[in-house]
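Under the working numbering, residues 66 to 330 are what the sequence shown spells out, in order.
All residues carry an ideal CB built from backbone N, CA and C; glycine is no exception.
Taking it in order: structure first as structure tokens, then the write-up.
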Amino acid sequence: MLVFAAITPHTPLLIPTIGKENLKAMQATGTAMKRVAEDFYLSAPETVIVISSHATQYTDAFAINLHETYSIDFKDFGDLSTSRSLEPDLETITLIQRAMRGAHIPLTLDSASSLDYGTGVPLTYLLEKSPHVQVVPLSHAGLTSRDHVRFGNILKDVIDASKKRIAIIASGDLAHSITSDSPLGFRPEGEAYDHRVVEAVKNHSLSSLLSLDEETVSKSGQCLHEQLLILLGILEKTQTRPKVISYEHPFGVGYLVAEFHLTDL
């Protein structure tokens, strides 16, 4: 059963040993992440599915990283002290694979011991008080928006049929083009994209996301769109109380932290 659903940024600056003085500029995001971690703990999940845009991706298939154990570290960002070992949820991964095969949705399995930072950053927060939660690392595909929604629909069927308490996290950052200091410089599509997404989350509006034109999505430089489509596909027929906890763009990149409180629990 689904017990928790949230959207988190995945900038490594959220890791204190990496962000250091930059954390002051993104205090709202850091505070929001701690709140999400507390709510995650209170929901008592046994498994967390993390959808990341920085895991291995394929143009024609979704992917799950299946390995005997996983590790999280941030050595690539100069942090040699933060690390964690995690266990996969083999049962849930098997059920997802079978369900997607039955629905003729392309899904492939990868095997890597080290998790990407898009998965690692939110899990560093979420598992601080919940260290024994098992993990399903998932990546989106280069398929259509409707394909991602349908993938979410089928994934929800798997979650609903499971006796396990399952959490879902859409991990990614919004536009990288909001100000002149942004990684992509200023583009009007960046601000437009972030505004539209924040409103879509507030209103739990899948149709609003689906109606976004491709040029705005592409030029904004975001890395969260497909994860949101999967998440809202999972929640499409679920009664929720969405809550945007924080949104800011201190470095010209949009950081959104939000929860979908499940009202039918």
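Sequence-distant residues of its chain with Cβ nearer than 8 angstroms to residue i (five each side left out)
i	result
T328	Q304, T305, R306
Q122	A128, S204, H205, A206, G207
D225	M66, L67
T82	F139, D144, S146, T147
E280	E254
Limits of the beta strand (DSSP E) - the one that residue i falls within
i	result
S136	135–139
I72	67–73
Residue range of the alpha helix (DSSP H) that includes residue i
i	result
A226	210–226
P81	81–84
T189	182–191
L88	Looking at the DSSP string, L88 is not in any alpha helix (DSSP H), and its letter there is neither H nor E.
R261	253–267
K284	279–285
Residue(s) in a DSSP beta bridge with residue i
i	result
D144	F139
K308	E324
F105	None, per the DSSP bridge assignment.
Q199	T112
D175	N130
P153	V200
E313	Y320
S117	S204, S236
Cβ-based neighbour list, residue i, same chain, cut-off 7 angstroms, excluding 5 preceding and 5 following
i	result
C288	S118, G237, D238
Of the residues the options, the one placed nearest residue i, counting alpha carbons only
i	options	result
S247	V186, S176, P315	P315
D138	A164, S176, Q162, T184	T184
E133	I116, R252, I158	I158
Y312	E256, V115, L294, P110	E256
A164	R215, V186, L191, Y135	R215
Coil, strand or helix - residue i by DSSP
i	result
Q292	helix
S273	helix
A232	strand
L300	coil
A168	coil
A206	strand
S242	coil
Contacting residues, own chain, Cβ-Cβ under 6 angstroms from residue i (five flanking each side not counted)
i	result
D154	T112, Q199, V201
K284	R252, E254
S195	Y106
A71	V101, I234, E324
G317	I243, T244, D246, S247
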